Every structure is written in C-alpha cells, then in structure tokens.
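Okay, so here's the structure we're looking at.
2 protein chains.
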Amino acid sequence: MVSPEERGLIEGMTMRRRLLRKGEELVSQHSQPSESCIVLSGFTAREVVLDDGKRQITALHIPGDFVDLHAFLLKVMDHSVVALTDCEAAYVPHRELLRVIDRSAHLGRLFWLSTVIDGAIQRAWITSSGRRAATAHLGHLICELYLRLQAVDLARDGTFSFPVAQGELADALGFSLVHVNRTLQELRATGFVRWKGSTITILDFDGLAVLSQFDPTYLNLITLPR
Amino acid sequence: MVSPEERGLIEGMTMRRRLLRKGEELVSQHSQPSESCIVLSGFTAREVVLDDGKRQITALHIPGDFVDLHAFLLKVMDHSVVALTDCEAAYVPHRELLRVIDRSAHLGRLFWLSTVIDGAIQRAWITSSGRRAATAHLGHLICELYLRLQAVDLARDGTFSFPVAQGELADALGFSLVHVNRTLQELRATGFVRWKGSTITILDFDGLAVLSQFDPTYLNLITLPR
DNA sequence: CGCGCAATTGATTGATGTCAATTGGAGTGG
DNA sequence: CCACTCCAATTGACATCAATCAATTGCGCG
Chain A
2 MVSPEERGLI EGMTMRRRLL RKGEELVSQH SQPSESCIVL SGFTAREVVL
52 DDGKRQITAL HIPGDFVDLH AFLLKVMDHS VVALTDCEAA YVPHRELLRV
102 IDRSAHLGRL FWLSTVIDGA IQRAWITSSG RRAATAHLGH LICELYLRLQ
152 AVDLARDGTF SFPVAQGELA DALGFSLVHV NRTLQELRAT GFVRWKGSTI
202 TILDFDGLAV LSQFDPTYLN LITLPR
Chain B
2 MVSPEERGLI EGMTMRRRLL RKGEELVSQH SQPSESCIVL SGFTAREVVL
52 DDGKRQITAL HIPGDFVDLH AFLLKVMDHS VVALTDCEAA YVPHRELLRV
102 IDRSAHLGRL FWLSTVIDGA IQRAWITSSG RRAATAHLGH LICELYLRLQ
152 AVDLARDGTF SFPVAQGELA DALGFSLVHV NRTLQELRAT GFVRWKGSTI
202 TILDFDGLAV LSQFDPTYLN LITLPR
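Protein sequence lines, in the order shown, are assigned to chains A and B. Residue 2 is where the first sequence starts when you use the working numbering, and the numbers rise one by one after that. Residue 2 is where the second sequence starts when you use the working numbering, and the numbers rise one by one after that.
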C-alpha cells in the first residue's frame, strides 16, 4: 500500500505529542485547528453538546484514527473530540500534511480515503439510529468496533477491551442510560455477547451480525493503508 | 475559488448524461462504479434497504451535488442512490477525475472538501436522530435544505419547492409516516413554516433555527466552489 | 470498612409505531 | 363539466418502545 519513500514522508512529519486524561478535549468545537490529530492510544469520541445540555457522540475513535482530518479542509470544527479514557495523541500541522500530499498524490488519496471511510461509518450509524431495533443498534456498534480494533491488533478471539461507561454509550447510541443497560441485558441474553466490566467478548460473531444486520463491506478494512 | 484553467479542466471532462424517472436508481448498492455521478436537476437520495424491508435514507441530494464521489475511493457502494423526482444526472468516469486531480491539486482538494462536507451533514443527521425532539429534527432538515438550495439558486425569500412525499421524508428522518405527518402539523402550528403541497416556505428562519438548534457553520457554504 | 461511582432495578410517564379508516386533490375519461 | 380513480395526506384508537425519576446494588480503591 505504502512505498518506502512514502513511509519516509510520513515518518518525517513533525508532530507534537500529548497525553490526555479521561474527559479532556483533544479538539474543541468551534475552534479553527491548524493541525489535525491522530490517536495513538486510548478511546476518544466526537461529541456535540446541544443548548439544552443533551450530548450526542457522532463517532468513536480507536488508536490509529485520524480524528479530525476533515478539519484540514473544513476549517471550523462542528464538534469536539474528547478522551473517553486516558490517551495519547499526535498533532500534525496542516502545513506538514500539505507538504506530504504535494509530494505524494497517493498518500493524499489515502488521507482522503480515511475521511471517506469515516463517512461510511457515519451512514451506518444513521441507519442504526433510524431503522434498527435497539439490540441491533448496539450489536451493530459492537461488530463495527470489533473489526476496527482487530485491524489494529487490539482485538482477537472475539475479545477486546472497551473501558467506556454506559452513559457514554448512551450518548453514542442516542439512548438513555437506563435503556442502554436494558438493551445490554437483552443482548447478553442472546448468548452472542459477553460484556463484563470493560471486557467485551463476542461469542458468536455470525449470530450477532445477523441479529444486527451487519455487513462489514462499508468499513473497507481491506484497503486500509495498514 | 476556481481559476479559468481549472474551469477548463472541469468543462473538459467527458461525461455521460442520463435522464431518470422518479424511483429509478442512479447508482446501485453493492455495485463497483467506474464513474461518479453529479445531479443536474431534481432531488435524489442515498438509501439503504435492510433485510426486513425497512429503508433508511442517509442523505438528500440537490442539483449540483456529487452524489457518490466517495465511490471514487471506496470502490463498493454501501448504499444506492435513487431519484426522488424525475431528474437529470451526469456520470464522470473515475479516470477523468484522476486526470483532473493530477493536473490540479486544488481541484482535487475541492473534491475532497465535497465529501468532507457530506460527512458534516451526516454528523448533523446523527445528532438530530439521537438527541433532537421530533419537531427539531424535521426543522433542522428544513433549515439545511433551505440553505443548500439557496446556495444554488433554488430557494429564495424563504421559499423552495420540495416535491417529496411524506413517506420518503419518514425514511430520511427515521420516523413512521404517521409521525411525520403529525410532526409536520406541530411545526406548522409554530407559525415558522408553511408547507403546502410541494412548496415549503420558511416564515421565520431565526425562529425555526432556534427551535431546531440549527447552526449553519457545518455546511461550509462560504467555501463551496460555486 | 466505608466512600464514590457505575450498574442495575422498579414504577411510571411520554413519545412513537402500527393498524385501519377517512379525507383531499390532481388527473382522466365520458 | 362531472364522475371516477388513484395516491398522498390526514385522523383516530391502540399497542409498544423508550425516557424519566427514584432507589438500590455492586464493586474498586484508599
């Protein structure tokens, strides 16, 4: 996917690293970032807080994700990115991105691809939110997370760590906290998933996928640069 | 935004035009298009049909929109694009896009921007679906459509034509048809909006925007190429 | 052991989906 | 111009789903 010279270009990007505690903001809503941010470890989320205090999470990000690459083009952030756990992030100045893209159209296209896959995931969330039953909505998210985490070696044998509270999950799914809890119990009752503390185990992926009407095509994990 | 040479590049793209009747597919789910499609006239929508027959519309497109530009990178369509009204479309081969992008990095970035704005709109839909009241959800969509249509001269003085049935709207909002109808009545009762036949008139944009918690920043209409 | 936060539960209210008519309006043929 | 047809909009009654409110339990940690 990526040639040695391209790898060199990427590794040559100056970036600033930063450690964040759970709850801190990596990027602020309404800001006009001059750099974009890659998560190196930990879970983060894009969130929008409405006037009435309600919160919606529009994306969950895992290590390796370029969380606000779209800010390279969009200029004004329409949401924040917050740390759901302690995490580490690398900030790449937009001028560096520009430099890399100028030297390698192929890398530019991989960056573009990254934002486009983001969009595909968002479409799946819209579909879940609008037309899937609560258990399927939650199940779909679990399938998505599992495959994404597996692609970066953070999941295997159906198991991964997901140290995120039910309240956060509620804001991602558009549920109330209580409803998350009950939906989770329903899902456990199917026997397809075990969820204990911060460890999720998918006992029957195919079963869960059918229940959740999950089709992995949209994640395009095959063509990912790594 | 676009220099004369760039305009020349765009106008030089070979493309195939096609007329479509209401209900026809511009692009099919699971297909692997070798061209991407611009809507020239009429309303279209991205839709996903689930196994159980439920349908979700994940985007509404208006004339000027590049409806499946992401297919240039994603290869496999995770949804269809259907005509909500009779419409005209232009199909641009991916090899032409590649040629244009190679000659003008700036145009390449505008294409990228187009997909990124798409993503911002999708995030707004996720937020509406998850955390906004029914009237606000519908109101938000109306605000969005108005500004987008205004930007391409298809709306003025608060008025635009939207010849789309309530059933389609239901699939876009994730509501039932009956619920769309009742939410529409509630919205009319606020006095902010008139909706008669296929003509929508926003009588009080600011009022509607407050009700819907609408913040136009995300549409980035200022930086749009046209 | 006791604190504090997250998970869980129960009871109730409110929002939305479903089913089944009924109404309204545009187009068509007589 | 009128009767008819078809489809979209609207309405009413009812069933479900999910939010809210208010405890209570469970668990990790000092």
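A virtual CB, placed ideally from N, CA and C, is assigned to each residue, including glycine. Every value quoted in this text rests on a predicted model; they were computed, and no experiment measured them.
Quick one: measure Cβ to Cβ for residue i and residue j, integer angstroms, because I've assumed they're closer than 8 Å.
i: A/Ile201; j: A/Phe161; result: 6 Å
i: A/Leu220; j: A/Arg149; result: 7 Å
i: B/Val40; j: B/Ala90; result: 6 Å
i: A/Ala121; j: B/Asp79; result: 5 Å
i: A/Val77; j: A/His31; result: 7 Å
i: A/Trp113; j: B/Trp113; result: 5 Å
Just reading off the alpha helix (DSSP H) that residue i is part of, what are its end residues?
i: B/Ile203; result: From DSSP, B/Ile203 is part of no alpha helix (DSSP H) but of the beta strand (DSSP E) over 200-203.
i: A/Thr191; result: 178-191
i: A/His141; result: 135-152
i: A/Val50; result: Looking at the DSSP string, A/Val50 is not in any alpha helix (DSSP H); the run it does join, the beta strand (DSSP E), is 45-50.
i: A/Ser115; result: 106-132
i: B/Leu222; result: Counting along the chain, B/Leu222 falls outside any alpha helix (DSSP H), and DSSP gives it neither H nor E.
i: A/Arg22; result: No alpha helix (DSSP H) holds A/Arg22; DSSP gives it neither H nor E.
i: B/Leu170; result: 167-174
i: B/Pro217; result: Neither: B/Pro217 is in no alpha helix (DSSP H) and is coded neither H nor E.
i: A/Phe73; result: 72-75
Quick one: what's got a C-beta closer than 8 Å to residue i's C-beta in the same chain, skipping five residues either side?
i: A/Glu25; result: Val83, Ala84
i: A/Glu187; result: Ala135, Thr136
i: A/Gln214; result: Arg133, Ala137, His141
i: B/Ser130; result: His138, Leu174, Gly175
i: B/His180; result: Ala135, Ala171
i: B/Leu185; result: Leu139, Gln167, Trp196
i: B/Asn182; result: Gln167
i: A/Ile11; result: Val3, Val101, Leu108
Can you check which of these residues, the options, is closest to residue i by C-alpha distance?
i: A/Leu142; options: A/Thr116, A/Ala171, A/Arg157; result: A/Ala171
i: B/Gly140; options: B/Asp216, B/Met16, B/Leu20, B/Val3; result: B/Asp216
i: A/Thr128; options: B/Arg56, B/Ile11, B/Ala190; result: B/Arg56
i: B/Gly208; options: B/Arg189, B/Thr218, B/Gly198; result: B/Arg189
i: B/Cys29; options: B/Val49, B/Ile11, B/Met16, B/Val194; result: Checking the sequence shown, residue 29 of chain B turns out to be Ser, not Cys. Cα-wise, what sits closest to B/Ser29 is B/Val49.
i: A/Thr218; options: A/Ile118, A/Leu75, A/Arg18; result: A/Ile118
i: B/Glu7; options: B/Val101, B/Met16, B/Asp53; result: B/Val101
i: A/Phe73; options: A/Leu99, A/Phe206, A/Val194; result: A/Leu99
i: A/Asp154; options: A/Leu111, A/Arg110, A/His31, A/Pro64; result: A/Pro64
i: B/Arg124; options: A/Trp113, A/Ile58, A/Gly109; result: A/Ile58
i: B/Thr15; options: B/Gly43, B/Leu51, B/Gly54, B/Tyr92; result: B/Tyr92
i: B/Gly9; options: B/Asp52, B/Arg17, B/Arg104, B/Asp53; result: B/Arg104
i: A/Ser199; options: A/Phe163, A/Asp158, A/Glu145; result: A/Phe163
For residue i, which residues from the same chain have a beta carbon less than 7 Å from its beta carbon, with the 5 sequence-adjacent residues on both sides left out?
i: A/Leu225; result: Low confidence applies to A/Leu225: its pLDDT is 41, below 50, so where it sits in the model is not reliable enough to give any reading.
i: A/Leu20; result: Glu89
i: A/Phe67; result: Ser37, Ile39, Ser115
i: A/Pro5; result: none
i: A/Ser42; result: Pro64, Cys88, Glu89
Span of the beta strand (DSSP E) holding residue i?
i: A/Val28; result: 26-28
i: A/Gln57; result: 56-62
i: A/Val83; result: 81-84
i: B/Phe161; result: 160-162
i: A/Val93; result: 88-94
i: A/Ser213; result: Note, A/Ser213: premise wrong, no beta strand (DSSP E); alpha helix (DSSP H) at 206-213.
i: B/Leu155; result: No beta strand (DSSP E) holds B/Leu155; DSSP gives it neither H nor E.
i: A/Leu41; result: 36-42
i: B/Val3; result: Taken as a continuous stretch (DSSP letters only), B/Val3 belongs to no beta strand (DSSP E), as it is neither H nor E.
i: A/Val194; result: 194-197
For residue i, I'd like the list of residues in its chain whose CB is within less than 6 Å of its CB, leaving aside the five on either flank, ordered along the chain.
i: B/Pro94; result: Glu36
i: B/Arg227; result: Residue placement at B/Arg227 is flagged as unreliable, the pLDDT there being 38, under the threshold of 50; a coordinate-derived value is accordingly withheld.
i: A/Ala13; result: Here residue 13 of chain A turns out to be Gly, not Ala, going by the sequence shown. For A/Gly13, where only same-chain residues beyond five positions count, there are no Cβ hits under 6 Å.
i: A/Ala156; result: Tyr147, Leu150
i: A/Gly168; result: Leu178
i: B/Ala60; result: Arg47
i: B/His62; result: Val40, Thr45, Val68
i: A/Arg22; result: Asp87
i: A/His71; result: Thr116
i: A/Gln33; result: Lys76, Val77
i: B/Asp205; result: Phe193
To be precise: take each residue of the region 70-100 of chain B, compare its Cβ to all Cβ atoms of chain A, and keep it if any distance is under 8 Å. Which residues remain? His71, Leu74, Leu75, Lys76, Val77, Asp79, His80
Cβ-based contacts, 9 Å cut-off: residues of the region 32-57 of chain A near chain B: Residues of the region 32-57 of chain A whose Cβ lies closer than 9 Å to any Cβ of chain B, in chain order: Arg47, Val49, Leu51, Asp52, Asp53, Lys55, Arg56, Gln57.
At a CB distance below 8 Å, what residues from the region 129-150 of chain B approach chain A? Give them in sequence order. Of all residues in the region 129-150 of chain B, Ser130, Gly131, Arg132, Arg133 have a Cβ within less than 8 Å of some Cβ in chain A.
Near-chain A residues of the region 158-178 of chain B - C-beta to any C-beta below 9 Å: From the region 158-178 of chain B, only Asp172, Ala173, Leu174, Gly175, Phe176 have a Cβ closer than 9 Å to chain A.
Members of the region 191-210 of chain A that neighbour chain B once the beta carbon cut-off is set at 9 Å: none
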